[in-house]
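Let me begin by presenting the structure, written as C-alpha cells, before commenting on it.
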Amino acid sequence: MQRGVDSMQRPTDLFKFSNDEGSVKENEYGLWASDPEYYDCGVVSYSKDFKVVPVKCDDKAMYMCEKKEEPCRHSYIRYIDYYGKCLVVIPDKENYMYAGVQCDNSKGHLFAYKSSDDTRSVASAIYSSVTIDGGIYAGLQKKSTGEWVYENGAKETSDSRWDSDDDREKDCGVYRFKRDGTLALFSMDCDMQHRVLCVGKSNSWEN
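Per our numbering, the sequence shown runs over residues 86 to 292.
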C-alpha cells in the first residue's frame with residue numbers, strides 16, 4: 086500500500102492498495118503497528134503480530150505477491166494456496182515500486198493486505214516461506230478409498246495433525262505453518278513443488 090497524493094502532488098490521508106484494489110483512510114486502517122503520519126508505505130512485521138509497520142517507499146524489504154488467476158502455480162515462481170490466497174513471499178529486498186514490477190512480471194501483483202481477515206493467510210505464508218520454503222511433503226497420499234496412507238504403509242487417522250480448516254480434497258499431505266507458528270498437515274495438489282523430508286536407513290556392515 087502507498088500513500089496517495091492530490092493534484093498538486095501533496096500527500097493525502099488515503100493509502101492506495103496495489104492492483105487498483107481500492108484505498109483506505111489512514112485513520113481507518115486497523116492493521117497499523119504504529120502511527121504512519123510521516124511515512125508513505127507499509128510492510129508486514131511478524132514480530133508485531135503481523136501488523137503493518139509504516140516505512141518510506143524507498144526502503145527495501147521482502148515482499149509478497151498474489152496471483153488471482155487459476156491455477157495457483159507458475160512455471161518458476163512458487164505460488165502456494167494459503168487459506169484461499171495464492172501467495173508467494175519473495176526473499177529479495179526491493180523498494181515498493183520495484184517490488185510491484187517484479188510481482189507483475191510473475192503474473193501477479195503486490196498483495197493488498199486490507200484487513201485482519203487476511204492475517205491467517207499472511208502469517209502462514211510468511212512462517213512457511215522463511216522457514217521451510219513454503220511447505221514439506223510428508224510422504225502422505227490419499228488413496229482412491231479416501232484413506233490417507235504414508236509411503237511405509239501406515240495410515241494417517243488422527244484429525245489433530247491436520248489444520249482444522251483443511252477440507253482434505255487434494256491428494257498429497259504437506260506440513261506447513263499456521264498463524265500461531267505451529268506445524269499442521271494441509272492437503273495439496275501432488276504436482277506442486279515443495280521440499281521433501283527424507284528418513285535415512287541405517288546399514289549394518291559385516292567384515
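Glycine is no exception: its CB is placed at the ideal position from the N, C-alpha and C atoms.
Measure the alpha-carbon distance for residue i versus residue j and round it to whole angstroms.
i: Phe271; j: Glu111; result: 36 Å
i: Arg95; j: Ser130; result: 28 Å
i: Pro51; j: Val90; result: Absent from the model: residue 51. The displayed extent of the chain is 86 to 292, so no value can be given.
i: Lys228; j: Val234; result: 7 Å
i: Gly231; j: Ser201; result: 34 Å
Classify residue i as buried or exposed, calling it buried when 16 or more other Cβ atoms lie within 10 Å of its own Cβ.
i: Gly127; result: buried
i: Gly258; result: buried
i: Ser245; result: exposed
Specify, as a first and last residue, the run of the beta strand (DSSP E) that residue i falls within.
i: Gln187; result: Where Gln187 is concerned, there is no enclosing beta strand (DSSP E), although the alpha helix (DSSP H) it sits in stretches over Tyr181 to Asn190.
i: Gln87; result: Gln87 to Val90
i: Met149; result: Ala146 to Glu151
i: Leu116; result: Counting along the chain, Leu116 falls outside any beta strand (DSSP E), and DSSP gives it neither H nor E.
i: Gly127; result: Cys126 to Ser130
i: Lys141; result: Unbroken run through Lys141: none, as it is neither H nor E.
i: Thr267; result: Run containing Thr267: none; DSSP gives neither H nor E here.
i: Lys133; result: Lys133 -> no beta strand (DSSP E), and no H or E assigned at all.
i: Pro96; result: Pro96 to Lys101
i: Asp166; result: Ile165 to Tyr167
Compare the beta carbon distance of residue i and residue j with 8 Å and say whether it is the shorter of the two.
i: Tyr114; j: Phe135; result: no
i: His159; j: Lys153; result: no
i: Asp274; j: Asp256; result: yes
i: Cys73; j: Tyr198; result: Because residue 73 is not part of the residues shown, which for the chain are 86 to 292, the question remains open.
i: Phe262; j: Ser213; result: yes
i: Cys150; j: Leu116; result: no
i: Gly220; j: Ile165; result: yes
i: Tyr167; j: Ser209; result: yes
i: Tyr148; j: Ala118; result: no
I'd like to know whether the C-beta of residue i is nearer than 8 Å to at least one C-beta of chain D.
i: Gln94; result: This model lacks chain D altogether, as it is built from one protein chain only.
Inside the segment 192-260 only - beta strand (DSSP E) runs reaching at least 3 residues = 221-227 and 233-235
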